[in-house]
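Data block below; observations after.
Number of protein chains: 2
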Amino acid sequence: MRQLYFERDSERGTEGTLDWLKDEVEELREALEEGDMKAAEKEFADVLAWLASLANVVDIDLEKAALSKYPNKCPKCGLSPCNCQF
Amino acid sequence: MRQLYFERDSERGTEGTLDWLKDEVEELREALEEGDMKAAEKEFADVLAWLASLANVVDIDLEKAALSKYPNKCPKCGLSPCNCQF
C-alpha cells in the first residue's frame, strides 16, 4: 500500500484520508445490508486499503500496531479465546 | 482473530459489530486530531481487529479479499505506483 499510494495519500492528508475511510465503512455496511457478498468482499478490501493508507500518512506501522496490541490473546483478559464479559 | 473472538462476535451479529467498527474509526479520528500517536497506534489496531471480526462474522476471508482486489497494483489503473487522477 505504501508503494502503491503513498505519494497521493500524503497529498490528500490525514483528514481527507479519514473521510475516505469512513465512506468505505459506510459502503461496506450497505453491501452487507443488501446481502451482496461479492460487493462486501470488495468493500472489506477497500476499508483495509484505506486504513493502511491512513497509517502510512501518519507514519504508523499498521501490522506492528496490530501485533503489538493483539499478540494472539485478548488485551483485556489475556486469554485465547477471549473470556471477557463486555 | 477468529480463534480469539469468533464465538462472541457471532453472538453480537453483523449490525452490532459494524457499530463497534464505526466507533473505533471515530476513536482513531480523535486520537489523530489530538496528535496522540501512542493512542492512535492502539486505535489502528482496534479498527483492524474489528474489521477482521466483522469479516469472520460474515464468513469472508479478509486477507484473501485484500490480496484479490489489491495484488500489489492499483485495481483502477493497473499501475504501481498508482497513476489515477481521482
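In the order they appear, the protein sequences are chains A and B. Residue numbers for the first sequence follow our numbering, so the first one is 3 and each next one is one higher. Residue numbers for the second sequence follow our numbering, so the first one is 3 and each next one is one higher. Ideal Cβ placement from N, Cα and C applies to all residues, glycine included.
Taking Cβ to Cβ, would you say Cys-86 of chain B is nearer than 8 Å to Lys-75 of chain B? no
On the CB-based measure, 16 or more other CB atoms within 10 Å of its CB, does Lys-66 of chain B come out buried or exposed? The residue in question, Lys-66 of chain B, is exposed, as its Cβ has fewer than 16 Cβ neighbours within 10 Å.
At what residues does the alpha helix (DSSP H) containing Lys-66 of chain A begin and finish? 64–71
Starting from the Cα of Gly-15 of chain B, find the closest Cα among B:Leu-56, B:Glu-29 and B:Leu-81 and give me that residue. B:Leu-56
C-alpha distance - Gly-80 of chain A paired with Asp-48 of chain B, whole-angstrom precision: 16 Å
When you compare the CB of Ala-41 of chain A with every CB in chain B, is at least one pair closer than 8 Å? no
Could you tell me which chain B residues have their CB closer than 7 Å to the CB of Pro-73 of chain A, listed as they occur along the chain? Per Cβ cutoff of 7 Å: no residues; Pro-73 of chain A is ~10 Å from chain B at best.
Output, in sequence order along the chain, the residues in the stretch 14–28 of chain A whose CB is closer than 7 Å to any CB in chain B. Thr-16, Leu-20, Leu-23, Lys-24 and Val-27
At 9 Å on the CB atoms, spell out the chain B contacts of Ser-70 of chain A, in chain order. Glu-43, Lys-44 and Ala-47
Could you list which residues in chain B have their beta carbon closer than 8 Å to that of Glu-9 of chain A, in chain order? Pro-83
Using a 10 Å radius around the Cβ and a threshold of 16 neighbouring Cβ atoms, would you call Met-109 of chain A buried or exposed? This structure cannot settle anything about residue 109 of chain A, because the visible part of chain A is limited to 3 through 88.
Might you give, ordered along the chain, the residues of its own chain that have their beta carbon closer than 7 Å to the beta carbon of Leu-20 of chain A, omitting 5 neighbours on each side? The beta carbon of Leu-20 of chain A sits closer than 7 Å to those of Leu-56, all from its chain and outside the five residues before and after it, given in chain order.
If you run the structure through DSSP and keep just helix, strand and coil, what is Val-59 of chain B? Collapsing the DSSP output to three states places Val-59 of chain B in a helix.
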